[in-house]
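Asker: This structure is in structure tokens; I'll ask about it shortly.
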Amino acid sequence: MKERIIKYLSCPGCKSNSDLKLKVSITDKNTNHIMEGNLECLLCKTIYPIKGGVPLFCLSHTDPIVDLNRKNFADEWMYFTADIDKELAKRELDSYFHDFVTYSDLENKIVLDAGCGGGRFCYVVAAESKAKEIFAVDLSHAVFSAFKNTKQFDNVNIIQGDLTNLPFKNLPEQELFDFIYSVGVLHHLPAPKAGFSLLSKHLKKNGKILVWVYGKEGNVLYINFADPIRNLITSKLPFKVNLVLSFTISAILWAIIWLLYAPLNLILPSNTINKILPFNEYFNFFRKRGFKDFWRTVLDKMIPTISYYISKNEFVDWFKANNLNYKLYFRNGHSWVGLGEYPAEANVLPKKHTGAFVSTN
Numbered sequence: 019m020k021e022r023i024i025k026y027l028s029c030p031g032c033k034s035n036s037d038l039k040l041k042v043s044i045t046d047k048n049t050n051h052i053m054e055g056n057l058e059c060l061l062c063k064t065i066y067p068i069k070g071g072v073p074l075f076c077l078s079h080t081d082p083i084v085d086l087n088r089k090n091f092a093d094e095w096m097y098f099t100a101d102i103d104k105e106l107a108k109r110e111l112d113s114y115f116h117d118f119v120t121y122s123d124l125e126n127k128i129v130l131d132a133g134c135g136g137g138r139f140c141y142v143v144a145a146e147s148k149a150k151e152i153f154a155v156d157l158s159h160a161v162f163s164a165f166k167n168t169k170q171f172d173n174v175n176i177i178q179g180d181l182t183n184l185p186f187k188n189l190p191e192q193e194l195f196d197f198i199y200s201v202g203v204l205h206h207l208p209a210p211k212a213g214f215s216l217l218s219k220h221l222k223k224n225g226k227i228l229v230w231v232y233g234k235e236g237n238v239l240y241i242n243f244a245d246p247i248r249n250l251i252t253s254k255l256p257f258k259v260n261l262v263l264s265f266t267i268s269a270i271l272w273a274i275i276w277l278l279y280a281p282l283n284l285i286l287p288s289n290t291i292n293k294i295l296p297f298n299e300y301f302n303f304f305r306k307r308g309f310k311d312f313w314r315t316v317l318d319k320m321i322p323t324i325s326y327y328i329s330k331n332e333f334v335d336w337f338k339a340n341n342l343n344y345k346l347y348f349r350n351g352h353s354w355v356g357l358g359e360y361p362a363e364a365n366v367l368p369k370k371h372t373g374a375f376v377s378t379n
């Protein structure tokens, strides 16, 4: 943690926007990161520890489903992002940013990675952009992997915190973030739409928010047959069991992809194959990315205790409810990317949804 970011932080417990008092125990002299210490709320006196370079703002959770969800994802990201495949991470983030956002757009901006996991995407943003500050927040202990993976970047700040109760000051007309992105996280919250609204409240009036969520469209087979197995069985299994099980399933599917899907894509138009075989666009995407990333994705589908699939109409309503103009992109035939921004007149008038809509395939 860098001392300069204290001015942005506040207590998520009393939500008072009060300042925090810093006590430093250990500092890394090479990077100037505060490695050990604590932050104390000047109003309610709650103390938040700083461990391993990361300020920990997680309040206790009483919901065992949320706690297990957090643990399962932490285990996944600790396993798969011990070392980041930088090129693979960039190609994936590029596919989410689509043509909605470029790295040059982020120059001198304050950015939030909402649900950073092991830090692969905030690594890419730091390496490719000239952002002023990048805050990367996650509920799980994967934040320690994220810190390890990004500590060489002076502008990256890893924080353990709850996306629905962020530890940032949120004063009237002083919202913090120019750009917020949340990739594959909101659909694992107990209330995804409410989570989106809470993130939007931290957006500057001329800021943008980009999110990626599972779509209902294109996932009917999965929702009806595979997702109930996740809900009833695999989300409750030990991580090591799911690791072996997901590897086995991935290996079988990988053989089908290369022995059936790949040859057909060489001889038939993709539109034709999409009508014949389910998940063709999805499998083609991973065929180009390699087995390890496919395995991680299969595991990612098996372990959540909470998963929602969002229809286009539901997704649109997220943006309308927060008075955001929006663009949508249907990604790989099974998921939605949405970019929201406040209308230009929101800077001087009460926020009003303008109804702008762009849908690209």
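Each residue of the sequence shown is one higher than the one before, starting from 19 at the first, in the numbering used here. Backbone N, C-alpha and C fix where the C-beta goes; we use that ideal spot for every residue, glycine too.
If you check the beta carbons only, do C134 and A107 fall under 8 Å apart?
Answerer: Taking the sequence shown and counting its residues from 1, one reaches residue 134 at position 116. Taking the sequence shown and counting its residues from 1, one reaches residue 107 at position 89. The answer is no: Cβ separation not under 8 Å.
Asker: Evaluate P368 with the Cβ neighbour count: other Cβ atoms within 10 Å of its Cβ, from every protein chain shown; 16 or more gives buried, anything less gives exposed.
Answerer: Within the sequence shown, numbered from 1, the residue matching residue 368 stands at position 350. Because the pLDDT at P368 is just 34, under 50, the model does not fix this residue reliably, and the value given afterwards should be weighed accordingly. Its Cβ having fewer than 16 others within 10 Å, P368 is exposed.
Asker: How would you write the range of the alpha helix (DSSP H) that P262 sits in, first residue to last?
Answerer: On the sequence shown, position 244 is the one that residue 262 refers to. It should be noted that the sequence gives Val, not Pro, for residue 262. Residues F257 to I274.
Asker: Compute the beta-carbon to beta-carbon distance between S325 and H205, rounded to the nearest angstrom, for a pair I have assumed lies under 8 Å.
Answerer: In the sequence shown, residue 325 corresponds to position 307, counting from 1. In the sequence shown, residue 205 corresponds to position 187, counting from 1. Contact holds; Cβ gap of about 6 Å.
Asker: Assess, as a yes-or-no matter, whether the segment 145-157 is touched by the segment 232-242 under the definition of 3 or more beta carbon pairs within less than 8 Å.
Answerer: No contact exists between the segment 232-242 and the segment 145-157.
Asker: Using 10 angstroms around the beta-carbon of N167, count the other beta-carbons present and answer buried if the total reaches 16, otherwise exposed.
Answerer: As a first step, residue 167 is located in the sequence shown; it is residue number 149 there, counting from the start. Buried.
Asker: Does G225 come out as helix, strand or coil in the three-state DSSP assignment?
Answerer: Counted from its first residue, the sequence shown places residue 225 at position 207. DSSP places G225 in strand when its eight states are reduced to three.
Asker: Secondary structure at T315, three-state DSSP: helix, strand or coil?
Answerer: Here residue 315 refers to the residue found at position 297 when the sequence shown is read from its first residue. Helix at T315.
Asker: Starting from the Cα of A49, find the closest Cα among L57, K20 and P73 and give me that residue.
Answerer: The residue labelled residue 49 in the question sits at position 31 within the sequence shown. Inspection of the sequence shows that residue 49 is occupied by Thr rather than by Ala. The shortest Cα separation from T49 among L57, K20 and P73 belongs to K20.
Asker: Considering only the alpha carbon of each residue, which of L278, F118, L181 and R314 lies closest to E94?
Answerer: Position 76 of the sequence shown, counted from the first residue, corresponds to residue 94. Looking at the Cα atoms, R314 is the closest of the given residues.
Asker: Whole angstroms are fine: how far does the CA of K39 sit from the CA of L228?
Answerer: To locate residue 228, count along the sequence shown from 1; it is residue 210. To locate residue 39, count along the sequence shown from 1; it is residue 21. One C-alpha to the other measures close to 33 Å.
Asker: Around the C-beta of D172, are 16 or more other C-beta atoms found within 10 angstroms, so that it is buried, or is it exposed?
Answerer: As a working note, residue 172 is residue 154 in the sequence shown. Under this definition D172 is an exposed residue.
Asker: Should Y66 and L60 be called a contact, given that it needs their Cβ atoms to be closer than 8 Å?
Answerer: Taking the first residue of the sequence shown as position 1, residue 66 is located at position 48. Taking the first residue of the sequence shown as position 1, residue 60 is located at position 42. Not in contact: Y66 and L60 (Cβ atoms no closer than 8 Å).
Asker: Assign V262 to one of two classes, buried (16 or more other C-beta atoms within 10 Å of its C-beta) or exposed (fewer than that).
Answerer: Locating residue 262 in the sequence shown gives position 244, where the first residue counts as 1. V262 comes out exposed.
Asker: From the DSSP output, read off the bridge partner residues of C59.
Answerer: Position 41 of the sequence shown, counted from the start, is the residue given in the question as residue 59. Partner(s): L38.
Asker: To the nearest whole angstrom, what separates the beta carbons of F301 and I275, a pair I think is in contact under 8 Å?
Answerer: What you label residue 301 is simply residue 283 of the sequence shown in a count that begins at 1. What you label residue 275 is simply residue 257 of the sequence shown in a count that begins at 1. That belief holds up - the Cβ atoms of F301 and I275 are roughly 5 Å apart, short of 8 Å.
Asker: Given a cut-off of 8 Å on the beta-carbon distance, is the pair N35 and N183 in contact?
Answerer: To locate residue 35, count along the sequence shown from 1; it is residue 17. To locate residue 183, count along the sequence shown from 1; it is residue 165. Their beta carbons are not under 8 Å apart, which means N35 does not touch N183 by this criterion.
Asker: Extract the residue ranges of the beta strand (DSSP E) inside the segment 172-255, only unbroken runs of 3 or more that lie entirely within it.
Answerer: Entirely contained in the segment 172-255, the beta strand (DSSP E) runs reaching 3 residues are, in chain order, 174-178, 195-201 and 221-232.
Asker: Within this structure, are the beta carbons of F186 and L342 separated by less than 8 Å?
Answerer: Taking the sequence shown and counting its residues from 1, one reaches residue 186 at position 168. Taking the sequence shown and counting its residues from 1, one reaches residue 342 at position 324. No. Outside cutoff.
Asker: So, for L217: in the same chain, excluding its five sequence neighbours on each side, which residues have a beta-carbon less than 6 Å away from its beta-carbon?
Answerer: Along the sequence shown, read from residue 1 onward, the residue named residue 217 stands at position 199. Cβ within range, chain order: A132 and I198.
Asker: Report the three-state DSSP secondary structure of E299 (helix, strand or coil).
Answerer: In the sequence shown, the residue the question calls residue 299 occupies position 281. Helix.
Asker: Measure the CB-CB distance between N289 and E299 and report whether it falls below 8 Å.
Answerer: The residue you call residue 289 lines up with position 271 of the sequence shown. The residue you call residue 299 lines up with position 281 of the sequence shown. Result no, Cβ atoms of N289 and E299 do not sit closer than 8 Å.
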